[in-house]
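Novice:
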Amino acid sequence: MMALIGKEMRMTLRSLVFYLFIIASVFFYFTSYATEETWGELGSPVVSTPQNVGTIEHPYYGWKQPADTRDLAEQMRKEMGWNLDAGTSQKIRLGFPFKVKLNEKEKQALSAAISQLDEVLKNPDKYTMDEVYTIAESVNNQLGGKSIYQQGLGEFGSAIESVDEAIKAQEAELARYNLKVDAGELLPGAARYFSDYLSLPAGIFPVFLSAFLLLRDRSSRMNELIYSRRISPWVYVGSKFIAQGVMLSMIYLILAVIGGWQTVDTLGLTGQTGQAIAVFLGYTAWWLLPTLWISVAFGMFGSMLFRRGIVPIALQIVWWFMSVLPLLGSYGLNRLFIRFNSPNDYELYWKWTDEIALNRSFYLILTVLLAAGAAWLWERNRSRLDSAKILSRKTAKGSVAASAAEALR
Numbered sequence: 001m002m003a004l005i006g007k008e009m010r011m012t013l014r015s016l017v018f019y020l021f022i023i024a025s026v027f028f029y030f031t032s033y034a035t036e037e038t039w040g041e042l043g044s045p046v047v048s049t050p051q052n053v054g055t056i057e058h059p060y061y062g063w064k065q066p067a068d069t070r071d072l073a074e075q076m077r078k079e080m081g082w083n084l085d086a087g088t089s090q091k092i093r094l095g096f097p098f099k100v101k102l103n104e105k106e107k108q109a110l111s112a113a114i115s116q117l118d119e120v121l122k123n124p125d126k127y128t129m130d131e132v133y134t135i136a137e138s139v140n141n142q143l144g145g146k147s148i149y150q151q152g153l154g155e156f157g158s159a160i161e162s163v164d165e166a167i168k169a170q171e172a173e174l175a176r177y178n179l180k181v182d183a184g185e186l187l188p189g190a191a192r193y194f195s196d197y198l199s200l201p202a203g204i205f206p207v208f209l210s211a212f213l214l215l216r217d218r219s220s221r222m223n224e225l226i227y228s229r230r231i232s233p234w235v236y237v238g239s240k241f242i243a244q245g246v247m248l249s250m251i252y253l254i255l256a257v258i259g260g261w262q263t264v265d266t267l268g269l270t271g272q273t274g275q276a277i278a279v280f281l282g283y284t285a286w287w288l289l290p291t292l293w294i295s296v297a298f299g300m301f302g303s304m305l306f307r308r309g310i311v312p313i314a315l316q317i318v319w320w321f322m323s324v325l326p327l328l329g330s331y332g333l334n335r336l337f338i339r340f341n342s343p344n345d346y347e348l349y350w351k352w353t354d355e356i357a358l359n360r361s362f363y364l365i366l367t368v369l370l371a372a373g374a375a376w377l378w379e380r381n382r383s384r385l386d387s388a389k390i391l392s393r394k395t396a397k398g399s400v401a402a403s404a405a406e407a408l409r
């Protein structure tokens with residue numbers, strides 16, 4: 001089997017799609033992760049003189065997240081009030097935001113939540129921000145889930161309209177950064193950000209290779225020769241599956257090493273290169289590789305099931321689009337890859353670790369099942385070909401015998 005795996009790896013190196021996959025992955029790395037914007041998000045916030053980017057009548061110094069319970073409750077109440085007055089709310093469906101009309105029960109849920117927030121605003125010091133988020137989560141559940149009130153999907157920030165307010169926002173941002181560093185979440189946050197962006201090509205390009213992997217022999221008219229030999233389907237299909245997965249995985253593991261090194265170098269984290277590489281490799285193996293391997297297995301299984309490579313490719317594209325949005329907070333078993341488009345929000349990450357672990361574990365198991373299914377379908381096709389050959393021989397012998405009998409008459 002090792003010889004077959006080596007042969008398939010060499011075959012992969014001859015594939016144009018493989019090099020397109022490398023180009024796409026490197027492109028996503030340098031245009032999405034390794035950018036000045038990313039380094040700015042990962043680096044320490046700078047406290048400087050605020051600049052008005054609005055007008056004199058309507059000053060604007062940026063955007064801030066709620067600093068305390070009062071801020072959060074006020075912004076949340078405004079959002080709920082707007083929704084209640086408009087009679088609509090925004091929900092995420094199939095990964096995309098939609099405005100939906102509220103029914104009477106949902107309006108009552110918003111009214112009750114507004115009353116609760118009014119109580120919070122009377123004495124905000126008695127409540128924590130988590131308790132306020134609990135009110136929003138209750139509304140989210142009554143709206144059917146995946147609404148802007150689900151933590152991570154909706155933001156309750158506000159515009160900064162004065163210099164003093166801007167300075168306070170900068171100081172609060174610096175305090176949050178220091179808390180993140182003290183919690184040891186700087187490098188893990190960067191690794192999650194890296195994995196978020198690189199999951200996009202991992203969820204689509206591998207299927208273009210794997211969907212034609214088992215059909216390649218048929219197109220080159222080698223299938224009859226292979227089918228005629230009593231090679232084990234598990235060895236034949238397994239060698240192709242492993243070779244393809246290993247070759248594609250190597251690209252991401254190399255990028256993970258580069259990402260860890262470049263992050264430490266850019267942020268000036270002296271002496272943390274080894275730690276960064278280990279963290280990046282860990283998130284790559286746990287978040288990215290299950291997506292990559294399931295894409296390989298799905299392409300192979302789909303091509304054997306439908307006997308056409310284009311069908312699993314089309315299905316994978318639909319699956320990919322359904323998984324792109326939202327950028328945070330949706331990790332059901334239908335999600336092909338993990339989206340966590342933030343180097344911060346580590347509290348939210350720890351809240352969702354169980355869902356993420358279940359998703360990744362499910363796809364690891366599904367990968368094995370689909371690869372086994374592809375081997376079973378391949379063997380079934382071989383058995384059908386063998387049966388067709390036997391029937392053809394019997395028919396030919398019958399024709400010869402009939403001709404001989406006719407000649408004797």
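Residue numbering for the sequence shown follows full-length UniProt numbering, starting at 1 and increasing by one per position. Heads up, the beta-carbon is just placed ideally off N, CA and C, and yes, glycines get one too.
1) For V264, collect the residues of the same chain with a Cβ closer than 6 Å to its Cβ; drop the 5 residues on either side in sequence, then sort them by chain order.
2) Which of helix, strand or coil does DSSP assign to K180?
3) Measure the alpha-carbon distance for W287 versus E41 and round it to whole angstroms.
4) Work out the CA separation of M300 and W378 for me, nearest whole Å.
5) Measure the Cβ-Cβ separation of L292 and F28 and say whether it is below 9 Å.
6) With a cut-off of 8 Å, do at least 3 Cβ pairs link the region 102–122 to the region 69–83?
7) Beta-carbon separation of I148 and S89 under 9 Å?
8) May I ask which residues mark the beginning and end of the beta strand (DSSP E) holding K122?
9) I'd like the span of the alpha helix (DSSP H) that includes R77, first residue to last.
10) Would you mind reading off the limits of the alpha helix (DSSP H) that contains F241?
11) Work out the CA separation of W352 and D85 for me, nearest whole Å.
12) Counting only runs of 4+ residues fully inside the region 126–194, write out the alpha helix (DSSP H) ranges in chain order.
13) Could you check what DSSP says for P343 in three-state terms: helix, strand or coil?
14) From the DSSP output, in three-state form, read off F321 for me.
15) Evaluate contact between the region 36–53 and the region 200–210, counting only Cβ atoms and requiring at least three cross-stretch pairs below 8 Å.
16) By alpha-carbon positions, which one of Y363, A34, Q151 ends up nearest to Y346?
17) Report the option in V53, I92, M250, L305 whose CA atom is closest to the CA atom of V26.
18) How should K7 be labelled, buried or exposed, when 16 other C-beta atoms within 10 angstroms of its C-beta is the threshold for buried?
19) How many angstroms separate the CA atom of M9 from the CA atom of R93?
20) According to DSSP, which residues form a beta bridge with I92?
21) Please determine, among G260, M247, L215, the residue with the shortest C-alpha to C-alpha distance to I310.
22) Name the DSSP beta bridge partners of K64, please?
23) Express the C-alpha separation of E171 and D164 in angstroms, rounding to a whole number.
24) What do you reckon, are the CB atoms on W319 and G203 nearer than 9 Å?
25) Going by the beta-carbon positions, is the gap between Q316 and F298 smaller than 9 Å?
26) Would you decide whether I390 is buried or exposed? Buried here means 16 or more other CB atoms lie within 10 Å of its CB.
27) Note down the Cα distance separating P290 from S232, rounded to an integer number of angstroms.
28) Give me the residue from R70, I56, K99 with the minimum Cα distance to N83.
29) Assuming contact is defined by CB atoms lying nearer than 9 Å, are V53 and P188 in contact in what I supplied?
30) Can you check which of these residues, A243, V257, Y33, is closest to A285 by C-alpha distance?
31) Considering only residues of the same chain and omitting the five flanking positions on each side of K101, which have a CB-CB separation below 7 Å?
32) Going along the chain, which residues of its own chain have a beta-carbon closer than 8 Å to the beta-carbon of F306, five neighbours each way excluded?
33) Where does the unbroken alpha helix (DSSP H) through E8 begin, and where does it stop?
34) Take the Cβ of V181 as the centre, count every other Cβ of all protein chains shown within 10 Å, and call the residue buried at 16 or more, exposed below.
35) From the DSSP output, in three-state form, read off W350 for me.
Specialist: In short, the structure shows the following:
1) Along the sequence shown, read from residue 1 onward, the residue named residue 264 stands at position 264. Around V264: Q272, T273, A276.
2) By one-based count along the sequence shown, residue 180 stands at place 180. Of the three classes helix, strand and coil, the one that applies to K180 here is helix, per DSSP.
3) Residue numbering aside, residue 287 sits at position 287 when the sequence shown is read from its first letter. Residue numbering aside, residue 41 sits at position 41 when the sequence shown is read from its first letter. So the alpha carbons of these two residues sit roughly 21 Å apart.
4) Within the sequence shown, numbered from 1, the residue matching residue 378 stands at position 378. Within the sequence shown, numbered from 1, the residue matching residue 300 stands at position 300. C-alpha separation (whole angstroms): 10 Å.
5) Against the sequence shown, residue 292 aligns to sequence position 292. Against the sequence shown, residue 28 aligns to sequence position 28. In this structure, L292 keeps its C-beta atom at 9 Å or more from the C-beta atom of F28.
6) The region 102–122 is in contact with the region 69–83.
7) Locating residue 148 in the sequence shown gives position 148, counting from the first residue. Locating residue 89 in the sequence shown gives position 89, counting from the first residue. Cβ distance < 9 Å, so I148 and S89 count as in contact.
8) Here residue 122 corresponds to residue number 122 of the sequence shown, with the count starting at 1. From DSSP, K122 is part of no beta strand (DSSP E) but of the alpha helix (DSSP H) over 104–122.
9) Within the sequence shown, numbered from 1, the residue matching residue 77 stands at position 77. Membership of R77 in the alpha helix (DSSP H) is indicated by the continuous run 69–86.
10) For this step, residue 241 is matched to residue 241 along the sequence shown. Counting along the chain, the unbroken alpha helix (DSSP H) around F241 starts and ends at 233–267.
11) Here residue 85 refers to the residue found at position 85 of the sequence shown. Here residue 352 refers to the residue found at position 352 of the sequence shown. Between D85 and W352, the C-alpha separation is close to 33 Å.
12) If we require 4 residues or more, the alpha helix (DSSP H) runs fully inside the region 126–194 come out as 129–142, 163–182.
13) Along the sequence shown, read from residue 1 onward, the residue named residue 343 stands at position 343. Secondary structure at P343: coil, using DSSP grouped into helix, strand and coil.
14) One-based indexing of the sequence shown puts residue 321 at position 321. If DSSP states are grouped into helix, strand and coil, F321 belongs with the helices.
15) By the Cβ rule, the region 36–53 does not count as touching the region 200–210, because fewer than three pairs are nearer than 8 Å.
16) Against the sequence shown, residue 346 aligns to sequence position 346. Check the Cα spacing between Y346 and each of Y363, A34, Q151: the tightest is with Q151.
17) Against the sequence shown, residue 26 aligns to sequence position 26. Of the residues V53, I92, M250, L305, the one whose Cα lies closest to the Cα of V26 is M250.
18) Along the sequence shown, read from residue 1 onward, the residue named residue 7 stands at position 7. Classification for K7: exposed.
19) Against the sequence shown, residue 9 aligns to sequence position 9. Against the sequence shown, residue 93 aligns to sequence position 93. For M9 and R93, the distance between alpha carbons rounds to 40 Å.
20) On the sequence shown, residue 92 is found 92 positions in, with the first residue counted as 1. According to DSSP, which records beta bridges pairwise, I92 is partnered with P97.
21) As a working note, residue 310 is residue 310 in the sequence shown. Taking only the C-alpha atoms, the option nearest I310 is L215.
22) Against the sequence shown, residue 64 aligns to sequence position 64. K64 pairs with S158.
23) Working through the sequence shown from its first residue, we reach residue 164 at position 164. Working through the sequence shown from its first residue, we reach residue 171 at position 171. So the two alpha carbons sit approximately 11 Å from each other.
24) The count along the sequence shown starts at 1 and reaches residue 319 at position 319. The count along the sequence shown starts at 1 and reaches residue 203 at position 203. Taking 9 Å as the Cβ cut-off, W319 and G203 qualify as a contacting pair.
25) Position 316 of the sequence shown, counting from 1, holds the residue named residue 316. Position 298 of the sequence shown, counting from 1, holds the residue named residue 298. The answer is yes: Cβ separation under 9 Å.
26) Residue numbering aside, residue 390 sits at position 390 when the sequence shown is read from its first letter. A caution first: I390 carries a pLDDT of 47, below 50, which makes its placement in the model unreliable, though a value can still be read off. Only exposed fits I390, as fewer than 16 other CB atoms lie within 10 angstroms of its CB.
27) Position 290 of the sequence shown, counting from 1, holds the residue named residue 290. Position 232 of the sequence shown, counting from 1, holds the residue named residue 232. Their Cα atoms are separated by approximately 26 Å.
28) Mapped onto the sequence shown, residue 83 falls at position 83. N83 has its Cα closest to that of K99, out of R70, I56, K99.
29) Numbered from its first residue, the sequence shown carries residue 53 at position 53. Numbered from its first residue, the sequence shown carries residue 188 at position 188. No; because the gap between Cβ atoms is not below 9 Å, this pair is not in contact.
30) Along the sequence shown, read from residue 1 onward, the residue named residue 285 stands at position 285. Nearest C-alpha to A285: V257.
31) Indexing the sequence shown from 1 puts residue 101 at position 101. Contacts found: G87, T88.
32) In the sequence shown, the residue the question calls residue 306 occupies position 306. Residues P312 of the same chain have their beta carbon placed closer than 8 Å to that of F306, with the five preceding and five following residues left out of the count.
33) By one-based count along the sequence shown, residue 8 stands at place 8. E8 -> alpha helix (DSSP H) spans 2–12.
34) On the sequence shown, position 181 is the one that residue 181 refers to. Counting Cβ neighbours within 10 Å, V181 comes out exposed, since fewer than 16 surround it.
35) The residue given as residue 350 occupies position 350 in the sequence shown. Helix.
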